[in-house]
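Accompanying notes for the structure given below.
Protein chains: 2
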Amino acid sequence: MDTRSDEEIRRDLSYLFDKASQALAARMGTVLGELDMNVRDFCVLSKAASGERTQGELAELSLLDKTTMVVTLDHLEKAGLAQRTPSPVDRRARIVRTTEAGDAVLAEAGGVIDGLYAEVLGVLSGEQRTVLLDALLRLVTHDGPLSAVEPNPHAPRRKRSS
Amino acid sequence: MDTRSDEEIRRDLSYLFDKASQALAARMGTVLGELDMNVRDFCVLSKAASGERTQGELAELSLLDKTTMVVTLDHLEKAGLAQRTPSPVDRRARIVRTTEAGDAVLAEAGGVIDGLYAEVLGVLSGEQRTVLLDALLRLVTHDGPLSAVEPNPHAPRRKRSS
DNA sequence: TATTGTTATACTCTATAACTATA
DNA sequence: TATAGTTATAGAGTATAACAATA
Chain A
1 MDTRSDEEIR
11 RDLSYLFDKA
21 SQALAARMGT
31 VLGELDMNVR
41 DFCVLSKAAS
51 GERTQGELAE
61 LSLLDKTTMV
71 VTLDHLEKAG
81 LAQRTPSPVD
91 RRARIVRTTE
101 AGDAVLAEAG
111 GVIDGLYAEV
121 LGVLSGEQRT
131 VLLDALLRLV
141 THDGPLSAVE
151 PNPHAPRRKR
161 SS
Chain B
1 MDTRSDEEIR
11 RDLSYLFDKA
21 SQALAARMGT
31 VLGELDMNVR
41 DFCVLSKAAS
51 GERTQGELAE
61 LSLLDKTTMV
71 VTLDHLEKAG
81 LAQRTPSPVD
91 RRARIVRTTE
101 AGDAVLAEAG
111 GVIDGLYAEV
121 LGVLSGEQRT
131 VLLDALLRLV
141 THDGPLSAVE
151 PNPHAPRRKR
161 SS
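Quick note, the sequences are listed as chains A and B, same order. Take our numbering: the last position of the first sequence gets the number 162, and nothing is skipped along the way. Take our numbering: the last position of the second sequence gets the number 162, and nothing is skipped along the way.
The structure is reproduced here in structure tokens:
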């Protein structure tokens with residue numbers, strides 16, 4: 001029931017990104033749900049497994065607020081999939097580590113997600129796939145035009161309490 | 001502070017889409033804020049201007065829930081930028097039309113957004129740009145793997161009241 | 001003085017349900 | 001019986017502020 005022409009949609013960069021992001025998250029949710037896992041937990045757990053990272057670093061990589069990270073880690077710890085351990089170099093910070101159970105769940109979930117990504121990108125030619133990923137990477141990393149977490153100076157502000 | 005390698009990020013399709021979507025929305029919010037407009041209002045208003053569409057159709061095109069559309073249109077009507085008019089073919093439905101004031105605001109905002117899109121895509125080569133947009137369109141439209149609004153059967157359900 | 005993680009809380013968006021008026 | 005839009009409300013996510021411990 002999308003009444004717009006392909007040309008019109010192609011010009012709507014915001015729609016292309018938002019739709020791709022939302023639809024992929026929905027598909028990830030479906031396949032992860034079969035493993036009793038949700039997208040946010042998987043996202044955080046996989047980034048915790050691939051390197052020693054503090055909560056704050058994990059929050060940035062996972063595109064989550066640090067307060068959301070607190071409840072996510074509470075949940076992952078309660079499920080026995082991850083652990084907060086003190087950082088050896090900064091006693092304020094906590095390194096998030098996956099447990100053995102977490103690694104086991106991740107091995108399964110990671111395979112399912114890789115399969116999903118392959119299926120999604122499979123409708124493109126190899127050339128298209130390469131250029132798409134390179135272009136997105138260019139936009140999103142380093143000094144790319146979509147790399148910053150720029151705060152909106154006109155966003156509605158909350159009142160100060162005092 | 002993204003501690004991941006480019007190769008790792010390139011394999012994280014979800015991150016690429018989410019980050020592009022969020023960062024573009026943030027940049028749109030910044031430039032639209034200077035015109036006292038927000039992303040959601042612009043998104044809905046521009047889609048209302050480009051064709052005769054009902055609230056439900058607008059909600060789908062704008063990737064918004066129909067209940068969010070109600071409050072968005074309440075706001076746009078109060079601001080004098082859009083109007084709900086009865087559909088001639090279905091007396092339950094309402095066609096959303098832009099007012100003259102709405103068209104004037106849109107002309108300005110549309111130019112600003114087009115400029116932003118051009119700036120963002122400007123870091124890519126013409127060839128990259130073409131392939132990127134074609135690939136996203138392929139994924140997101142028609143029977144593409146990211147076209148559906150598939151409900152997650154494992155999502156936490158709300159209790160029935162009775 | 002600034003930062004990490006925590007808690008509390010407010011705001012926004014989404015999702016569900018129930019309702020009406022139509023189809 | 002089903003659908004468009006409305007209303008009410010619950011739930012999730014984000015954002016702000018204040019705090020303790022530490023840098």
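Backbone N, C-alpha and C define an ideal beta-carbon position, used for all residues, glycine too.
Scanning chain B for C-beta atoms nearer than 7 Å to the C-beta of G110 (chain A) yields nothing, as the closest lies near 11 Å away. Per DSSP, R84 (chain A) is one residue of the beta strand (DSSP E) stretching across A82 to P86. Under the three-pair Cβ rule at 8 Å, the region 100 to 109 of chain A does not count as touching the region 69 to 83 of chain B. Burial is judged here by how many other beta carbons sit within 10 angstroms of a residue's own beta carbon; K66 (chain A) has fewer than 16 and is exposed. When the beta-carbon positions are compared, L58 (chain A) and K47 (chain A) come within less than 7 Å of each other. Shown here, R92 (chain B) sits in coil according to DSSP, grouped into three states, outside any helix or strand. Contact annotation for M28 (chain B) against chain A: S14 [CB-CB distance below 8 Å, chain order]. Straight-line measurement puts the Cα of T3 (chain A) at about 10 Å from the Cα of S50 (chain B). Straight through space, the alpha carbons of H142 (chain A) and V120 (chain B) are spaced by roughly 14 Å.
In this structure, R94 (chain B) lies away from Q83 (chain B), with their beta-carbon atoms at least 7 Å apart. Residue contact with chain A for D18 (chain B): present (Cβ-Cβ distance below 7 Å to some residue of chain A). The residues N38 and V39, in chain order, have a CB closer than 8 Å to that of G29 (chain B) in the same chain once the five nearest residues on each side in sequence are set aside. Under the three-pair Cβ rule at 8 Å, the region 114 to 131 of chain B counts as touching the region 126 to 134 of chain A.
For V39 (chain A), the enclosing alpha helix (DSSP H) begins and ends at V39 to A49. Interface criterion met: the Cβ of V140 (chain A) is under 7 Å from a Cβ in chain B. In this structure S5 (chain A) is exposed. Its beta-carbon is surrounded by fewer than 16 other beta-carbon atoms within 10 angstroms. By a beta-carbon distance limit of 8 Å, V123 (chain B) contacts P145 (chain A). Their separation comes to about 6 Å.
For T30 (chain A), the three-state secondary structure derived from DSSP is helix.
The beta carbons of L139 (chain A) and A20 (chain B) sit closer together than 7 Å.
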